[in-house]
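J.: Here it is: the structure, laid out below.
In our numbering, the protein residues as written are 156 to 368.
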């Protein structure tokens, strides 16, 4: 890693505590080296600087040609001193968004189903984690006047965070968590499971068509 990356100044990594410690650097390298589905495009983005001494952020989109089916952001946080609320030294924070048909957004079970996508994706990869928390938000837009020709639009938004279990050297399996998160993103986008055994989460039968990029 060059000096720019050592000090946390590359496009996806932020740090307020000097050179990143080895566990954080190892976790970031695992994120960068993860093998993902070809339909998912991932890019580093500027990381938040006030949530933890060290952070690394990625944005991803499920792509079909020139159209996005779903998108999201995953942030890896690290506090070498540990964090009482996290009950660990690492934390993963995510935002996932996709559009739905309005009638599906009205389903009263939608929040529970969406949360099961996250927990199911982590469980399907055999990952251990703690202190999960999050929200599922559904929003609808209806257009009037000069915009009345537009169809109503509904969106789901999953915001969540969890503490990945740390392994040898205090390093979590960040790459596997990224793969599981991409499974969640694919599930929200309506893609079939990546492998025959990855069917532990519920699928909503309808989704709005792809959105132009």
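Glycine residues also receive a C-beta, built at the ideal position from the N, C-alpha and C atoms.
Taking the continuous beta strand (DSSP E) assigned at residue 310, which residues delimit it?
T.: Along the chain shown, one-based indexing puts residue 310 at 155. Element bounds for residue 310: 308-319.
J.: Check for me: the beta strand (DSSP E) holding residue 301 runs from which residue to which?
T.: The residue labelled residue 301 in the question sits at position 146 within the chain shown. Segment: none, residue 301 is in no beta strand (DSSP E) and carries neither H nor E.
J.: Between the stretch 297-317 and the stretch 198-216, are three or more C-beta pairs nearer than 8 Å?
T.: Output reads no: the stretch 198-216 does not touch the stretch 297-317.
J.: Would you decide whether residue 342 is buried or exposed? Buried here means 16 or more other CB atoms lie within 10 Å of its CB.
T.: As a first step, residue 342 must be located in the chain shown, where it is residue number 187. Buried is the call here.
J.: Is it buried or exposed for residue 186, if we count other Cβ within 10 angstroms and need 16 for buried?
T.: As a first step, residue 186 is located in the chain shown; it is residue number 31 there, counting from the start. Buried: at least 16 other Cβ atoms inside 10 Å.
J.: Quick check: what's the CA-CA separation for residue 190 versus residue 303?
T.: Your numbering for residue 190 matches position 35 in the chain shown. Your numbering for residue 303 matches position 148 in the chain shown. Between residue 190 and residue 303, the C-alpha separation is close to 44 Å.
J.: Does the stretch 217-230 come close enough to the stretch 268-275 to have 3 or more Cβ pairs within less than 8 Å?
T.: These segments do not touch.
J.: Grouping DSSP H, G and I as helix and E and B as strand, with all else coil, what is residue 359?
T.: Position 204 of the chain shown, counting from 1, holds the residue named residue 359. Any reading at residue 359 must be qualified, since the residue scores a pLDDT of 43, below 50, and its modelled position is unreliable; no value is offered.
J.: Counting Cβ pairs, one atom from each stretch, are 3 or more of them under 8 Å apart for the stretch 321-329 and the stretch 235-245?
T.: Short answer: they touch.
J.: With the cut-off set at 8 Å, would you say residue 335 and residue 280 are in Cβ contact?
T.: In the chain shown, residue 335 corresponds to position 180, counting from 1. In the chain shown, residue 280 corresponds to position 125, counting from 1. Closer than 8 Å, so yes.
J.: Give me the Cβ distance between residue 223 and residue 215, rounded to the nearest whole Å; I'm assuming they're in contact under 8 Å.
T.: Against the chain shown, residue 223 aligns to sequence position 68. Against the chain shown, residue 215 aligns to sequence position 60. 10 Å between Cβ atoms; not a contact.
J.: Could you please give the first and the last residue of the uninterrupted beta strand (DSSP E) stretch that includes residue 290?
T.: As a position in the chain shown, residue 290 is number 135, starting the count at 1. Run containing residue 290: 284-296, per the beta strand (DSSP E) assignment.
J.: Note down, in chain order, each residue of its chain lying with its Cβ closer than 6 Å to the Cβ of residue 225, except the 5 sequence neighbours on either side.
T.: Translated into positions along the chain shown, residue 225 becomes position 70. Same-chain partners within the cutoff: 217, 253, 340, 343 and 344.
J.: Should residue 337 and residue 192 be called a contact, given that it needs their Cβ atoms to be closer than 8 Å?
T.: Reading the chain shown from its first residue, position 182 is the one you call residue 337. Reading the chain shown from its first residue, position 37 is the one you call residue 192. Their beta carbons are under 8 Å apart, which means residue 337 touches residue 192 by this criterion.
J.: Which residues bound the alpha helix (DSSP H) around residue 342?
T.: Here residue 342 is taken as the residue at index 187 of the chain shown, counted from 1. Taken as a continuous stretch (DSSP letters only), the alpha helix (DSSP H) holding residue 342 covers 329-344.
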